[in-house]
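Heads up: the structure comes next, in structure tokens.
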Amino acid sequence: MQTVIERNGCTLTTDTAGGEAVSLIKGGIEYLWNADPAFWGRHAPVLFPFVGSLKNKEYRLDGRSYSMGQHGFARDMEFCLLERTDDSITYQLLSSEETLKKYPFEFDLRIKYDITDRGLKLTWRVTNTGDVYMPFSIGGHPAFMCPVNGQGSWSEYGIYFEKMGFAPSHLTVHTLSSEGLVNNETKEIELDKGRLTPSDQLFADDALIIEDRQADKVSLLGPSGKAYLTVVFDSPLLGIWSPVGKHAPFICIEPWFGRADGVDFDGELADRKYSQALKPAETFTGGFEVIF
Numbered sequence: 003m004q005t006v007i008e009r010n011g012c013t014l015t016t017d018t019a020g021g022e023a024v025s026l027i028k029g030g031i032e033y034l035w036n037a038d039p040a041f042w043g044r045h046a047p048v049l050f051p052f053v054g055s056l057k058n059k060e061y062r063l064d065g066r067s068y069s070m071g072q073h074g075f076a077r078d079m080e081f082c083l084l085e086r087t088d089d090s091i092t093y094q095l096l097s098s099e100e101t102l103k104k105y106p107f108e109f110d111l112r113i114k115y116d117i118t119d120r121g122l123k124l125t126w127r128v129t130n131t132g133d134v135y136m137p138f139s140i141g142g143h144p145a146f147m148c149p150v151n152g153q154g155s156w157s158e159y160g161i162y163f164e165k166m167g168f169a170p171s172h173l174t175v176h177t178l179s180s181e182g183l184v185n186n187e188t189k190e191i192e193l194d195k196g197r198l199t200p201s202d203q204l205f206a207d208d209a210l211i212i213e214d215r216q217a218d219k220v221s222l223l224g225p226s227g228k229a230y231l232t233v234v235f236d237s238p239l240l241g242i243w244s245p246v247g248k249h250a251p252f253i254c255i256e257p258w259f260g261r262a263d264g265v266d267f268d269g270e271l272a273d274r275k276y277s278q279a280l281k282p283a284e285t286f287t288g289g290f291e292v293i294f
């Protein structure tokens, strides 16, 4: 079931399927990817309780192995519309008999969308409703139109990075193996005054995984050189992605609290790098903001 809210010339459409935003229109222009399956059949899924792939598609907890697909299960589940106001939508997903079989923790996941004066604010709230320590990961996977409004081509666009108001000169990135695991080696990507130009070569090794808070803002620049959209976040990791070899007309800017396993990972669930954790009755809050 879809829900639409409007404010300040901004129209947001969301769906109980995955609690996902499916359209974000400002000034008559669509900024969110349309989920054309020829390229990628999603818009902006929320990744929970895992971000990325697990080694051998499983994780270990107290000596027992559990199967788990890429990015967890929340994006494929039906959420409850908890609250709708003139300028906000809140969805809820509760642990259930179904989720406990593959992730044996009780939780209350809420996703709130607020249309603000600047754009869209997305907030995740994860509460441990059980009585044991709960490791988890959560992240965003929004895909933004690039080119936007059918104007220009990738070579005329830019991805612009900022950290505390300054443009970094380079990024240190990890790439993914063919199994979707994080490679041990890093590579340095030089930036032109904070800017990268999207290209097939840039995404030839799948997503760029940027760790250690190297950026807190990422903008998409149009052919004029001006930003038409900026994602602001406070997460330890960031993914930048477009499908390998497809020259898809979108770029994903993905704030993460967690990541895929490393190629040599051999630990239990709580040992996963960048994993979050909650004590019983404790709540985690995260998210990001999209500014026009």
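Using our numbering, the first residue of the sequence shown is number 3, and each one after it goes up by one. For every residue, glycine included, the Cβ atom is placed at its ideal position computed from N, Cα and C.
### Query
Relative to the alpha-carbon of F41, which residue among K57, P245 and P282 has its alpha-carbon at the smallest distance?
P245
Mapping DSSP to helix, strand and coil, what is K57?
-> helix
Quick one: measure Cβ to Cβ for I91 and T5, integer angstroms, because I've assumed they're closer than 8 Å.
6 Å
Taking one C-beta from the segment 224-231 and one from the segment 174-184 each time, how about it: are there three or more such pairs within less than 8 Å? no
Taking Cβ to Cβ, would you say P51 is nearer than 7 Å to G20?
-> no
K103 (DSSP reduced to helix, strand or coil) | helix
- Which residues in the same chain have their Cβ closer than 8 Å to the Cβ of C12, if we skip the five residues on either side of it in sequence? L26, I27, K28, I117, G121, L122 and F294
Quick one: what's got a C-beta closer than 6 Å to F107's C-beta in the same chain, skipping five residues either side? G132 and M136
Item to complete: Answer with buried or exposed for C82, where buried requires no fewer than 16 other C-beta atoms within 10 angstroms of its C-beta.
Response: exposed
Original post:
Where DSSP assigns a beta bridge to Q203, which residues make up the other side?
Top reply: Answer is none; Q203 lacks a bridge partner.
Could you name the residues of the same chain whose beta carbon sits closer than 7 Å to that of I56, not counting the 5 residues immediately before and after it, in chain order?
Rather than Ile, the amino acid found at residue 56 in this sequence is Leu. M70 and D263, listed in sequence order.
Over the uninterrupted beta strand (DSSP E) stretch that includes V134, give me the two end residues. That residue, V134, is in no beta strand (DSSP E); it is neither H nor E in DSSP.
From the DSSP secondary-structure annotation, give me the bridge partner or partners of K165.
F168
>> If I follow the unbroken beta strand (DSSP E) through D17, where does it start and stop?
In response: C12 to D17
Take every Cβ of the segment 188-208, pair it with every Cβ of the segment 254-261, and state whether three or more of those distances are shorter than 8 Å.
no
> How about V53 and G182: do their beta carbons lie closer than 7 Å?
Replying inline: no
Practice item. Determine the direct distance from the alpha carbon of E99 to that of D110, and round the result to whole angstroms. Key: 14 Å
(Q) I need the straight-line Cα distance from N58 to R261, nearest angstrom please. (A) 15 Å
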